[in-house]
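Here is the structure we will look at.
Protein chains: 2
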Amino acid sequence: MLKEERFRLILDRLVHDQKVYLAGLSTLLNVSEDTIRRDIKELAEQGLLKSVRGGAVPHSPGPHRFKDRILHDTEQKQIIAKKALEFLKDDQVVIFDGGTSAVLVAQLLPKDVHLTVVTNSFPVATLLEEHEHVEVLFAGGRLLKNSFVTIGNDTIQFLKKFRADICLLGICSIHAELGVTSPNFEESEVKRVMIESSKEIIALATVEKLETAEAYYVCPTDRLSVIITDQLAEDEAFKVYTELGIKMA
Amino acid sequence: MLKEERFRLILDRLVHDQKVYLAGLSTLLNVSEDTIRRDIKELAEQGLLKSVRGGAVPHSPGPHRFKDRILHDTEQKQIIAKKALEFLKDDQVVIFDGGTSAVLVAQLLPKDVHLTVVTNSFPVATLLEEHEHVEVLFAGGRLLKNSFVTIGNDTIQFLKKFRADICLLGICSIHAELGVTSPNFEESEVKRVMIESSKEIIALATVEKLETAEAYYVCPTDRLSVIITDQLAEDEAFKVYTELGIKMA
DNA sequence: GTAAGTTTTGCAATATCCTGCAATATTTAT
DNA sequence: ATAAATATTGCAGGATATTGCAAAACTTAC
Chain A
1 MLKEERFRLI LDRLVHDQKV YLAGLSTLLN VSEDTIRRDI KELAEQGLLK SVRGGAVPHS
61 PGPHRFKDRI LHDTEQKQII AKKALEFLKD DQVVIFDGGT SAVLVAQLLP KDVHLTVVTN
121 SFPVATLLEE HEHVEVLFAG GRLLKNSFVT IGNDTIQFLK KFRADICLLG ICSIHAELGV
181 TSPNFEESEV KRVMIESSKE IIALATVEKL ETAEAYYVCP TDRLSVIITD QLAEDEAFKV
241 YTELGIKMA
Chain B
250 MLKEERFRLI LDRLVHDQKV YLAGLSTLLN VSEDTIRRDI KELAEQGLLK SVRGGAVPHS
310 PGPHRFKDRI LHDTEQKQII AKKALEFLKD DQVVIFDGGT SAVLVAQLLP KDVHLTVVTN
370 SFPVATLLEE HEHVEVLFAG GRLLKNSFVT IGNDTIQFLK KFRADICLLG ICSIHAELGV
430 TSPNFEESEV KRVMIESSKE IIALATVEKL ETAEAYYVCP TDRLSVIITD QLAEDEAFKV
490 YTELGIKMA
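Residue numbers (my numbering), protein chains in the order written: chain A, 1 to 249; chain B, 250 to 498.
Put into structure tokens, the structure is as follows:
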């Protein structure tokens, strides 16, 4: 069997299944795992797939690269994202935060809305690239490893230029008294500027984020206009926020 | 048996089976494997198939929609990208242009190099995101539809801050007298700033780009340090550039 | 931490490829 | 038609590539 036959089969399975395992290919093709491993390495060098531990996954630049991480997003966040869409009106200027929640909103955004989107998130930008009526303004800066967002002074200076209608803010922790907090200093700084640059703040938070706190302060709770969660129970926690004048959705 | 008969049969089997083996053809046609090998070599030179170890496969495989439509992922550009890698040394500051050629370089970049990369290209940034020792500085700005790069004043102002060692510049057109040109005004402006901000310019251009011109001027030809092409024929065009003090690779 | 699984590296066995050469077939020039 | 030039073919060898194995280094999950 030619090496190229193996290549083709590997790539075909990859297109079909979105993943391949070393062990499976080894038995299927009757060669050692080492050989498959070397094949995958070679294909990866050509940029035709991405080698990962135990196998390989498709690898093409553009939006598809983010599919993996979006996949293990929960139903909760889907619910939140759908609710968030209702707050976006045509011709608004919207700041998209870099978190996964905001990415989901970008993913679900209908193709026909007219928006100006400001973001520091690569997934958001690439997802919106093909929306004909969405102008994307991307905040440059230093690329933060493992999170596909830019941070740093350049990012902040860029964001300061805007006066957006809405900011979609992914929330790590929120507490009625301690306010919104984040576990990463530089991200917290960026979030703070996003908030300063927006009239209304839409917070996206799964219920377990409510009434928790992290190390770095972002903004007081009453700066938020709306908190969108996946459940709408009428429990104590909700009353606290409602009394602060925040709309729960 | 005529050589041409063998050729026909080899190509027929190739269309039918998507592969041929040296051994199989040898017994089938009653000639030595060496003869088949030479036949295949000759057919490969005519571009009618691709010679591989142990046999041959079709030159442009049928159901291989895997090749990106974003990247015109031709062998030419692969060759160019590989050559370009040799110019990148550890601890340099490198500006990556947004074109497909530069993306391929990013794709092929080994994981262990230490670099600071400045770019306005989303694919370049996301590809390098997982390189542990590559710091990515992304130029913000307006996202240009259908090309995954940022453009505009913000992009330009960001790029102006740097004094890079090298700029990897994808070339649309180059002409010894008319210089480097581009078909898109805003992209040409960005390229111009990238050049201003770099000491050495490495131009990435397939041979058919040589001695052609487009509407928007980027820089004079002798501003380039190296032109990397997929072929290194010693023809007239090359001499022109060499006489300008440009290294051809 | 440990243990299980995975990747990397070096190595040896095998297969394939390239080169030069000699024998034969084919073409060309006279 | 004949000799010389050219092309084709098979073969021997040394060079190169591929493959599987095993030990060591590394990851991951618990």
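Even glycine gets a Cβ: it sits at the ideal position worked out from N, Cα and C. Owing to the predicted nature of the structure, the values given are computational and were not obtained by experimental measurement.
Query - Proximal residues to residue 409 of chain B (C-beta, below 7 Å), its chain only, five neighbours per side dropped - result: Translated into positions along the second sequence, residue 409 of chain B becomes position 160. If we look at residue 409 of chain B and ignore the five residues flanking it on each side, its Cβ neighbours are 442 and 446.
Query raised in the report: If you scan the region 15 to 42 of chain A from start to end, which runs of the alpha helix (DSSP H) of 4 or more residues do you find wholly inside it?
Result: 22 to 29
Query raised in the report: How about residue 467 of chain B and residue 428 of chain B: are their beta carbons less than 8 Å apart?
Result: On the second sequence, residue 467 of chain B is found 218 positions in, with the first residue counted as 1. On the second sequence, residue 428 of chain B is found 179 positions in, with the first residue counted as 1. Going by C-beta atoms, residue 467 of chain B is nearer than 8 Å to residue 428 of chain B.
Query raised in the report: Which word fits residue 253 of chain B, buried or exposed, when buried means at least 16 other C-beta atoms lie within 10 angstroms of its C-beta?
Result: The count along the second sequence starts at 1 and reaches residue 253 of chain B at position 4. Residue 253 of chain B comes out exposed.
Query - Nearest neighbour of residue 23 of chain A, chosen from A/40, A/135 and A/54 [CA to CA] - result: The count along the first sequence starts at 1 and reaches residue 23 of chain A at position 23. Comparing Cα-Cα distances from residue 23 of chain A to each of A/40, A/135 and A/54, the minimum goes to A/54.
Query raised in the report: If you drop the 5 nearest sequence neighbours on each side, which residues of the same chain put their C-beta closer than 7 Å to that of residue 296 of chain B?
Result: As a working note, residue 296 of chain B is residue 47 in the second sequence. 308, listed in sequence order.
Query raised in the report: Checking contacts by CB at 8 Å: is residue 142 of chain A closer than that to chain B?
Result: Here residue 142 of chain A refers to the residue found at position 142 when the first sequence is read from its first residue. Residue 142 of chain A counts as touching chain B.
Query raised in the report: Once you ignore the five residues that flank residue 317 of chain B on each side, which residues in its own chain have a CB closer than 7 Å to its CB?
Result: Translated into positions along the second sequence, residue 317 of chain B becomes position 68. Only weak support exists for where residue 317 of chain B lies, its pLDDT of 36 falling under 50; the value from the coordinates is given anyway. Closer than 7 Å at the Cβ level, and outside the excluded window around residue 317 of chain B, lies no residue.
Report task. Ignore the nearest five residues each way along the sequence and tell me which others in residue 403 of chain B's own chain have a CB closer than 8 Å to its CB. Result -> For this step, residue 403 of chain B is matched to residue 154 along the second sequence. Excluding positions up to five away in sequence, the list reads 388, 389, 390 and 391.
Requested in this report: Mind listing the chain B neighbours of residue 99 of chain A? Cutoff is C-beta to C-beta under 9 Å, in chain order.
Outcome: Within the first sequence, the letter at position 99 stands for residue 99 of chain A. Ordered by position in chain B, no residue passes the 9 Å Cβ test against residue 99 of chain A, which lies about 16 Å from the chain.
Query raised in the report: Beta-carbon of residue 345 of chain B versus every beta-carbon of chain A: anything under 8 Å?
Result: For the purposes of this step, residue 345 of chain B is taken as residue 96 along the second sequence, with counting starting at 1. Residue-level contact by beta carbon fails for residue 345 of chain B and chain A, as no gap is shorter than 8 Å.
Requested in this report: For residue 16 of chain A, count neighbouring C-beta atoms within 10 Å of its own C-beta (all shown protein chains included) and say buried if the count is 16 or more, exposed if not.
Outcome: For the purposes of this step, residue 16 of chain A is taken as the residue at position 16 of the first sequence. Counting Cβ neighbours within 10 Å, residue 16 of chain A comes out exposed, since fewer than 16 surround it.
Query raised in the report: Between the region 207 to 221 of chain A and the region 163 to 176 of chain A, are three or more C-beta pairs nearer than 8 Å?
Result: yes
Query raised in the report: What residue ranges within the region 75 to 146 of chain A form continuous beta strand (DSSP E) runs of no fewer than 3 residues, ordered along the chain?
Result: 92 to 96, 115 to 119, 134 to 138 and 141 to 144
Report task. Give every residue of the same chain whose Cβ lies closer than 6 Å to the Cβ of residue 371 of chain B, excluding the five residues on either side of it in the sequence, and list them in chain order. Result -> In the second sequence, counting from the first residue as 1, residue 371 of chain B sits at position 122. Cβ neighbours of residue 371 of chain B beyond the five flanking positions: 397.
Query raised in the report: Where do the ends of the alpha helix (DSSP H) carrying residue 188 of chain A lie?
Result: The sequence position of residue 188 of chain A within the first sequence is 188, counting from 1. Run containing residue 188 of chain A: 185 to 196, per the alpha helix (DSSP H) assignment.
Requested in this report: List the residues of chain B that residue 139 of chain A touches, going by C-beta distances under 8 Å, in chain order.
Outcome: For the purposes of this step, residue 139 of chain A is taken as the residue at position 139 of the first sequence. What residue 139 of chain A touches in chain B: 389.
Report task. To the nearest angstrom, report how far apart residue 385 of chain B and residue 437 of chain B are at their CA atoms. Result -> The residue you call residue 385 of chain B lines up with position 136 of the second sequence. The residue you call residue 437 of chain B lines up with position 188 of the second sequence. Inter-residue distance for residue 385 of chain B and residue 437 of chain B is about 22 Å (C-alpha atoms, whole angstroms).
Query raised in the report: Whose CA, out of B/469, B/473 and B/431, lies closest to the CA of residue 450 of chain B?
Result: If you number the second sequence from 1, residue 450 of chain B lands on position 201. Closest option to residue 450 of chain B, Cα to Cα, is B/473.
Report task. Answer with yes or no whether the minimum CB distance from residue 304 of chain B to chain A is below 8 Å. Result -> On the second sequence, position 55 is the one that residue 304 of chain B refers to. True, the Cβ-Cβ gap to chain A drops below 8 Å.
Query raised in the report: Apart from the five residues just before and just after residue 71 of chain A, which ones in its own chain have a Cβ nearer than 7 Å to its Cβ?
Result: Here residue 71 of chain A corresponds to residue number 71 of the first sequence, with the count starting at 1. Model confidence at residue 71 of chain A stands at a pLDDT of 42, short of 50, so the residue's coordinates are unreliable and nothing is read from them.
Query raised in the report: What's the C-alpha gap between residue 457 of chain B and residue 94 of chain A?
Result: Residue numbering aside, residue 457 of chain B sits at position 208 when the second sequence is read from its first letter. Residue numbering aside, residue 94 of chain A sits at position 94 when the first sequence is read from its first letter. About 44 Å.
Query raised in the report: Thinking C-beta only, is residue 417 of chain B closer than 8 Å to residue 376 of chain B?
Result: On the second sequence, position 127 is the one that residue 376 of chain B refers to. On the second sequence, position 168 is the one that residue 417 of chain B refers to. No, these two residues do not count as a Cβ contact at 8 Å.
Requested in this report: Express the C-alpha separation of residue 191 of chain A and residue 220 of chain A in angstroms, rounding to a whole number.
Outcome: As a working mapping, residue 220 of chain A is identified with position 220 in the first sequence. As a working mapping, residue 191 of chain A is identified with position 191 in the first sequence. Answer to the nearest angstrom: the Cα atoms are 12 Å apart.
Query - 8 Å contact criterion, which residue 401 of chain B and residue 348 of chain B should meet: CB distance rounded - result: Residue 401 of chain B sits at position 152 when you count from the first residue of the second sequence. Residue 348 of chain B sits at position 99 when you count from the first residue of the second sequence. Going by Cβ atoms, the distance from residue 401 of chain B to residue 348 of chain B rounds to 17 Å, so no, they are not a contact pair.
Query raised in the report: Does the Cβ-Cβ distance between residue 353 of chain B and residue 326 of chain B come in under 8 Å?
Result: For the purposes of this step, residue 353 of chain B is taken as residue 104 along the second sequence, with counting starting at 1. For the purposes of this step, residue 326 of chain B is taken as residue 77 along the second sequence, with counting starting at 1. Going by C-beta atoms, residue 353 of chain B is nearer than 8 Å to residue 326 of chain B.
Requested in this report: Determine the DSSP secondary structure at residue 463 of chain B, reduced to helix, strand or coil.
Outcome: Your numbering for residue 463 of chain B matches position 214 in the second sequence. If DSSP states are grouped into helix, strand and coil, residue 463 of chain B belongs with coil.
Query raised in the report: Is the shortest distance between the beta-carbon of residue 150 of chain A and the beta-carbons of chain B less than 8 Å?
Result: Counting from 1 along the first sequence, the entry for residue 150 of chain A is found at position 150. Residue 150 of chain A counts as touching chain B.
**Report entry** Spatial neighbours of residue 300 of chain B in its chain, beta-carbon cut-off 7 Å, leaving aside the 5 residues before and after
**Finding:** On the second sequence, position 51 is the one that residue 300 of chain B refers to. If we look at residue 300 of chain B and ignore the five residues flanking it on each side, its Cβ neighbours are 289, 290 and 293.
Query raised in the report: For residue 345 of chain B, is the classification buried or exposed, using 16 other Cβ atoms within 10 angstroms of its Cβ as the cut-off for buried?
Result: For the purposes of this step, residue 345 of chain B is taken as the residue at position 96 of the second sequence. Buried: at least 16 other Cβ atoms inside 10 Å.
Query raised in the report: For residue 341 of chain B, which residues in chain A fall below 7 Å Cβ to Cβ?
Result: Here residue 341 of chain B corresponds to residue number 92 of the second sequence, with the count starting at 1. Going along chain A, no residue has its Cβ under 7 Å from residue 341 of chain B, so there is no contact; the nearest lies around 17 Å.
Query raised in the report: With distances taken between CB atoms, is the gap from residue 329 of chain B to residue 455 of chain B smaller than 8 Å?
Result: Position 80 of the second sequence holds residue 329 of chain B. Position 206 of the second sequence holds residue 455 of chain B. Yes, these two residues count as a Cβ contact at 8 Å.
Query raised in the report: If we cut at 8 Å on Cβ distances, does residue 374 of chain B have a partner in chain A?
Result: Position 125 of the second sequence holds residue 374 of chain B. True, the Cβ-Cβ gap to chain A drops below 8 Å.
Requested in this report: Could you name the residues of the same chain whose beta carbon sits closer than 7 Å to that of residue 282 of chain B, not counting the 5 residues immediately before and after it, in chain order?
Outcome: Locating residue 282 of chain B in the second sequence gives position 33, counting from the first residue. Within the same chain, residue 282 of chain B has close Cβ partners 271, 272 and 275.
Query - Residue range of the unbroken alpha helix (DSSP H) whose run includes residue 458 of chain B - result: Counted from its first residue, the second sequence places residue 458 of chain B at position 209. Unbroken run through residue 458 of chain B: none, as it is neither H nor E.
Requested in this report: Please report the residue range of the beta strand (DSSP E) in which residue 155 of chain A lies.
Outcome: Within the first sequence, numbered from 1, the residue matching residue 155 of chain A stands at position 155. No beta strand (DSSP E) holds residue 155 of chain A; the alpha helix (DSSP H) holding it covers 153 to 160.
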